[in-house]
Structure formats: C-alpha cells, structure tokens
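Engineer: Position 248 (the sequence shown) corresponds to 248 in the UniProt record's numbering; numbering is contiguous.
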Amino acid sequence: MQNCGFGWRNRVLDATPVASNATVGSLPVTNLQNPYGAASLGFRSLIEKAGDSASFTMTLQAAATWRVFSLHRTNLPETGAQWRIQVSNGGTSVVDTYVMACPVSGGQCVWALPNDVTGDAVTITVWPRTDPGTWVDIPLAYAGPLWSPARNFSSESTADRVLGQDSVVSLGGQEFVATRWFQRRLTIAHQSLGDADATVVEQMLRVAATGRNILFLPDPSADALTLAQRGLFGRLSGGEISNPFGAADRHAITLELTERL
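Listed below in structure tokens is the structure:
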C-alpha cells in the first residue's frame, strides 16, 4: 500500500486535444477542458460499426511528467470495455500499455503507472464493446502527475454521499422516491503534514479554488478496479492548517472532496 495521491496538475487542460475518430460536432474533444461532468457538455465519440473506439491525443508544447490517467462520468459499461494508453516524447514511445481491460465503476476508470514518466503527448483509446449505432460519452478526464504527502491520511477520514431525490409519502405511509443524483463525498483528515507538504496543499487549494477538479486516490498502487471504485474526481476545499504539535514539522488539515457531476 502506498500513501494517498492527489492529481491536481491536469495536463488535459494545458494540452492541445485532437480526436482521431467520428465525433459529434457540438460535443468536441475540446470539451474535456471544461470542468463539468454533464454528458451534454462533454466529449462524444460515435460507435458506427463493430470494433470502433473513442480515441484522442493530447499534445503539449514541452515535455512534462505523467503518471495517472482517468476518465470520469462516462457511459462505458462496467464490464467488457478495453482501453490503451500511450505516452510518447518527441515521437518516441515511452509507455504503451497495449490493449487491456478497462474496469469501470460509477462511470469512471483509472490507470496509475508505478512511477512518473516524461512525455509530450498522450493518446487514450477506449473500446466500449457495445453495439454499433451507439456512442461513448467522456465528460471529464485527468492525465498528469500524482503528488503524495510524506505521510498518509488519518484513520479519522470518512466517506459520505449526497443524495438528490424527491420523496412523497402517501396517506397510507407508502413512500415514492424519485432519484435525481448520487454524489460521493470524502472528508480527508491529515494530521501529519510536513512543511513541504503543507506548501503543496496550499498550492493545490489555490488551483481548486478556480473551479478545477482534483483527483484523489487512497492507494495509487491498488489494482485498476479498486482505483475506479475508490478514486474520486471533483471539487476540493480545505479548512485551516494548524500546528497541533508545536514547533515540530507536523501540520494538520481537513479536506473536503465532492464528486463533480
């Protein structure tokens, strides 16, 4: 098990994205650079015949570090999908996962490399393995480095959910529930941040304050299905940074991360 990781430098937002297959004109790949999780504001790729994929390439002006790649709020099936991630630098392949299983949970899939790699372009290709005449929706994506504090989060951290539902109770006591959304939320308590960690947290919260989404992985070394199940991509906020141990190099903060819908 590794210390938790935060993805807060999303290269998708800095890169030039280009789709390499049939897309919907009003839902281009550049929509991946907005922070909204709605399919009506995301990237849509058409599946016109068997074997078609959704594929896009992100190119940077200069090489940068990459470690984690994820798609969020998708309509990919939970089983049967496949994907391939390729990182290159100056046209030379750095990482190629080849075609592999793409476990999906809650509409998201995540792949984490064991270490950072350097490259100036990333191509992500997804095969939904669905019937022709359908499409793949990818509203949100993360691709970039992962930052981990020197010490892990506290066991006082909790997982919660926000339910959007309308409930009506009849005169006989019967309940009629209309569910509108299910949103996950994490409270990440950290009681042992070092001075250097606290500085990074401040930078991360500044980025989050602009409306950008932050990726959190409780254990980046977990398998792909676990990463999809436990990872969370959304709005981050934080309370005060305190010094509970006086002059010691230890700081405490509680972060709130809410899934972006």
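Positions of the beta carbon are idealized from the N, C-alpha and C atoms, including for glycine.
Keep in mind it's a predicted model, so treat the numbers as computed, not measured.
(1) What is the rounded straight-line gap between the Cα of T130 and the Cα of A22?
(2) Excluding the five sequence neighbours on either side, which residues of its own chain have a C-beta within less than 6 Å of the C-beta of T123, listed in chain order?
(3) Would you say R185 and E259 are within 8 Å of each other, going by their C-beta atoms?
(4) Have a look at the DSSP bridge pairing and note the partners of F6.
(5) How is the alpha helix (DSSP H) around V207 delimited, first residue to last?
(6) Between which residues of its own chain and S55 is the CB-CB distance below 6 Å, once the five residues before and five after are set aside?
(7) At which residues does the beta strand (DSSP E) containing R129 begin and terminate?
(8) May I have the straight-line CA-CA distance separating residue 295 from F6, to the nearest angstrom?
(9) Whose CA, out of L255, H190, T210 and C109, lies closest to the CA of A222?
(10) Grouping DSSP H, G and I as helix and E and B as strand, with all else coil, what is L261?
(11) What are the start and end residues of the beta strand (DSSP E) that includes R161?
(12) Measure the C-alpha to C-alpha separation of H72 and A39 and round it to an integer number of angstroms.
(13) Using 8 Å for Cβ pairs, my map puts G144 next to W66. What's the rounded Cβ distance?
Structural biologist: Looking at the atomic coordinates:
(1) As a first step, residue 130 is located in the sequence shown; it is residue number 130 there, counting from the start. As a first step, residue 22 is located in the sequence shown; it is residue number 22 there, counting from the start. Inter-residue distance for T130 and A22 is about 15 Å (C-alpha atoms, whole angstroms).
(2) Locating residue 123 in the sequence shown gives position 123, counting from the first residue. Non-local beta-carbon contacts of T123 in its own chain, meaning distances under 6 Å to residues more than five positions away in sequence, involve T57 and Q86 in chain order.
(3) Here residue 185 is taken as the residue at index 185 of the sequence shown, counted from 1. Here residue 259 is taken as the residue at index 259 of the sequence shown, counted from 1. In this structure, E259 lies closer than 8 Å to R185 by Cβ.
(4) Residue mapping note: residue 6 aligns to position 6 of the sequence shown, counting from 1. BP columns for F6 point to W147 and F216.
(5) The sequence position of residue 207 within the sequence shown is 207, counting from 1. The continuous alpha helix (DSSP H) containing V207 extends over residues D195 to A209.
(6) Taking the first residue of the sequence shown as position 1, residue 55 is located at position 55. The residues are S20, N21 and T125.
(7) Within the sequence shown, residue 129 is the residue found at index 129, counting from 1. Unbroken run through R129: none, as it is neither H nor E.
(8) With the chain represented from 1 up to 261, any question about residue 295 goes unanswered, as that position is not in the structure.
(9) Indexing the sequence shown from 1 puts residue 222 at position 222. In this structure, C109 is the residue among L255, H190, T210 and C109 with its C-alpha nearest to the C-alpha of A222.
(10) Counted from its first residue, the sequence shown places residue 261 at position 261. In the three-state reduction of the DSSP assignment, L261 falls in the coil class.
(11) Here residue 161 corresponds to residue number 161 of the sequence shown, with the count starting at 1. Unbroken beta strand (DSSP E) run through R161: T158 to V169.
(12) Translated into positions along the sequence shown, residue 72 becomes position 72. Translated into positions along the sequence shown, residue 39 becomes position 39. Straight-line Cα distance between these residues: approximately 10 Å.
(13) Taking the sequence shown and counting its residues from 1, the one referred to as residue 144 is at position 144. Taking the sequence shown and counting its residues from 1, the one referred to as residue 66 is at position 66. For G144 against W66, the beta-carbon gap comes to about 6 Å, under 8 Å, which counts as contact.
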